[in-house]
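> In the working numbering, the protein residues as written are 1 to 853. Built from N, CA and C at the ideal position, the CB exists for glycine as well. Sharing a structure below in structure tokens format, with a few things to ask.
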């Protein structure tokens, strides 16, 4: 995905801050995430989808809802990959719906949005030419195309995204006609669809965004010098993102069903839903597809700045390939030349899509100091006269629109905004489509060069729309934006990395034919294309075949100064190796090892591996192990730490054999013992390692086999799921004001109490109880018994805290709910991290005074 965010802008905070967490003691399966949509649910019923038993299960649900007089609206039916429906029902009925015998699961609906400009292109932008994909040389795709002759022919790839401009020459300027590579497609959401329904039709053309065409072009574009990863594949285009690049789980699941009906072998999703567990609706749908023989490839997400446990759903599913991003050694970038006294090329972003890119010829660039200052270069206050000049401004301090207004008023012709680091370079965007002042971004390193030159001489630049090749600043490293794993129960995620930085690929024709994008949105279709190459060469989705071929031939990347591979939680198995995935003949029974045993005293364990030789010749390989950087998501004071901290402690690994053989068509086996007792449990570190298998004869196959291992060295009961009390959270609040209270206050049904809290780690279950202030250790009753599958809070996704509101209801028995009598009480949060049968982390509020009026 391209810098995925939850919901959209300010609405995210509003939804989360007023989150109506379900109240009651029903068998609640509500999945609470940062992007939950009120009054919208996905429910499933007993019985297999598309069978008489499944239809009977749905009818039972209708009957039970009618008998109880609960009004609801069916938004979508699911009868292919799950037996259920998307419904609209008031949240006050959520407990009742969850407790129905005719409901197996109920998940509150989630939204997802791509953080990319959705403004219309500025007319028809100048046409940019096709260029070769630079990453192909490093991943081995060129070798697969040229030496093995594989292009993904006869493999069907379904793309769930924003549609595609099929008039583009990269897709043959055709749709569903004989010989056309796009033979399937559907638009489920339309330009303005919302969670209550879309405007479906069978024409998924992209008319208002660029994301879908770019993603499809990476998978399978074919236009002169430009070739996607699998240019011979057959495509199905399923539009699920509207013109705001917004979607909902119900649309995505419906598109998954259609993809299966159309016979897709692979489905790729460059979008995701933050904070999901593998038990979430979207993840269960992906798992069901995998069981039906479809390979699901999905973006891990762009939450690298959020620390650990930040991989999105459905890629969190153990049956889904979760793809992160890596920086590759070279890439295309638009640029500007310093033409005053030397010819230096400085990489820059494209202008916003709604702005025609100006051609600059020997124009002076100056630092954009505000009036009366020689240090303030943020451009957030009025600027002096810069008529006819380019102004160099620092990012931040105010909205980009304000900078543009000040620069334009000063007579400047363009802004160059520099970042505060050399992290990923993002195209600047305005919030108001009426702002059309030209602006590009550059790296901090390049800005420092310009600043030093400007201080001593007049500096002039030239710039146009073409691109040239630049060296990466952090080659082969996991991209800074790429989400860290692991999953909520330490699942090995992401599975691997693909090229995701400054990828040059097709744009819609109205947007210039070609352009750059960055994100796991780009790495995900790349890996899906590699899977298609492997499938054309005989790999099968059955028995783990394609997943193992893609994941277990990836190449772990080394940290350049620590001289160890990056943590498995950051890079999975490493960077995708297309030649290895296509040519491999060993298929492993599982692709990775989750070595977490959170509820035992075990510090070592055995793992038994098996692989099938699908080739026609015997395999004989040596086995070794490589330890990685160890990482922790918490600091020494038990606060969530971003970025995660590292240490040098490593697990010990013993092998029962150092060589393994397998005849053609036969099984090879070996086992290991891993001991992580070198880690002190209280330090809360994650250990990881790689097993590597390579030919005994010493002749390189062009790839090795790699099995990633990770696990937590501590128990689940040691996880600081709530921050230390010194943080001030959790705390008692007035449910509307959200300010922590420190004294006794009076609450009524009209003046509700609330608990403001933050989760530093995903939580399987939250239990809210009430006790009298005089006897706080003895529960008086239960406010909410089973709120399950919580996401941890993210700082940058509108969900920094959760708020739980209480209006006076309490269960004094499992079935008897009353309004609490007047008294002084405390509210207690009981948070279960992994296992709901173990003791929770418990927090008790300060006393509150409860009155009925």
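1) Assuming contact is defined by CB atoms lying nearer than 8 Å, are residue 822 and residue 848 in contact in what I supplied?
2) What are the partner residues of residue 399, as DSSP defines its beta bridges?
3) Ignore the nearest five residues each way along the sequence and tell me which others in residue 589's own chain have a CB closer than 6 Å to its CB.
4) For residue 810, which residues from the same chain have a beta carbon less than 8 Å from its beta carbon, with the 5 sequence-adjacent residues on both sides left out?
5) Could you give the DSSP three-state label for residue 219: helix, strand or coil?
6) Mapping the DSSP letters down to three states, classify residue 681 as helix, strand or coil.
7) Can you grab the Cα-Cα spacing for the pair residue 841 / residue 804, in whole Å?
8) Can you tell me the Cα-Cα spacing of residue 739 and residue 478, whole angstroms?
9) Hey, residue 621 and residue 696 are a contact pair by Cβ (cut 8 Å); roughly how many whole angstroms apart?
10) Any C-beta of chain C sitting closer than 8 Å to the C-beta of residue 826?
11) Grab me the residues of residue 329's own chain with a C-beta within less than 8 Å of its C-beta, minus the 5 sequence neighbours each way, in chain order.
12) Can you name the start and end residues of the beta strand (DSSP E) that residue 803 belongs to?
13) For the ligand PLP, is there a heavy atom less than 7 Å away from the beta-carbon of residue 201?
14) Consult DSSP for residue 144 and reduce its assignment to one of helix, strand or coil.
15) Just the C-alpha distance for residue 514 and residue 508, rounded to the nearest angstrom, thanks.
16) For residue 502, does the three-state DSSP call read helix, strand or coil?
17) In terms of residues, what are the limits of the alpha helix (DSSP H) holding residue 520?
18) Whole angstroms are fine: how far does the CA of residue 584 sit from the CA of residue 613?
19) For the region 722-806, which segments carrying the alpha helix (DSSP H) assignment without a break, of at least 4 residues, lie completely within its bounds, in sequence order?
20) Give the DSSP bridge partners of residue 174, in chain order.
21) Roughly how many angstroms lie between the CA atoms of residue 778 and residue 317, to the nearest whole one?
22) In the DSSP assignment, the alpha helix (DSSP H) including residue 161 goes from what residue to what residue?
23) How far does the beta strand (DSSP E) with residue 234 in it reach, from first residue to last?
24) For residue 367, which residues in the same chain have their Cβ closer than 7 Å to its Cβ, ignoring the five residues on either side in sequence?
25) Within the region 637-723, note down every full beta strand (DSSP E) run reaching 3 residues or more, in order along the chain.
26) Can you tell me where the beta strand (DSSP E) with residue 551 in it begins and where it stops?
27) One question on the structure: do residue 164 and residue 237 come within less than 8 Å of each other, judged by their Cβ atoms?
28) With DSSP collapsed to three states, give me the class of residue 462.
29) What do you get for residue 743, buried or exposed, if any count of 16 or more other CB atoms within 10 angstroms of its CB means buried?
30) Between the alpha carbons of residue 90 and residue 258, how many angstroms are there, rounded?
31) Going by other Cβ atoms of all chains shown within 10 Å of its Cβ, with 16 needed for buried, is residue 68 buried or exposed?
32) Does the pairing of the region 537-553 with the region 329-339 give three or more beta-carbon distances under 8 Å?
33) Under the rule that 16 or more other beta-carbon atoms within 10 Å means buried, what is residue 112, buried or exposed?
34) Classify residue 103 as buried or exposed, calling it buried when 16 or more other Cβ atoms lie within 10 Å of its own Cβ.
35) Tell me the DSSP bridge mates of residue 843?
36) Could you spell out the range, first to last residue, of the alpha helix (DSSP H) harbouring residue 437?
The relevant details are as follows:
1) With contacts defined as CB atoms closer than 8 Å, residue 822 and residue 848 fail to qualify as a contacting pair.
2) In DSSP, residue 399 forms no bridge with anything.
3) 610
4) 770, 780, 781, 782, 783, 817, 818, 819, 820
5) Helix, per DSSP.
6) helix
7) Taking the straight line joining both Cα atoms gives about 17 Å.
8) 39 Å
9) 6 Å
10) Among the protein chains of the structure shown there is no chain C, as only one such chain exists.
11) 138, 471, 472, 475, 476
12) 802-806
13) Only the bare structure without any ligand can be found here, which leaves the ligand PLP out of the picture.
14) helix
15) 8 Å
16) coil
17) 520-536
18) Their backbone Cα atoms lie some 9 Å apart in a straight line.
19) none
20) Answer is none; residue 174 lacks a bridge partner.
21) 39 Å
22) Element bounds for residue 161: not the alpha helix (DSSP H) but the beta strand (DSSP E), 156-161.
23) 234-239
24) 377, 392, 451, 454
25) Listed in chain order, the complete beta strand (DSSP E) runs (minimum 3 residues) inside the region 637-723 are 640-647, 652-655, 659-662, 667-675, 686-695, 705-712.
26) Careful: residue 551 lies outside any beta strand (DSSP E), inside the alpha helix (DSSP H) at 545-551.
27) yes
28) strand
29) exposed
30) 29 Å
31) exposed
32) no
33) Counting Cβ neighbours within 10 Å, residue 112 comes out buried, since at least 16 surround it.
34) Under this definition residue 103 is a buried residue.
35) 829
36) Unbroken run through residue 437: none, as it is neither H nor E.
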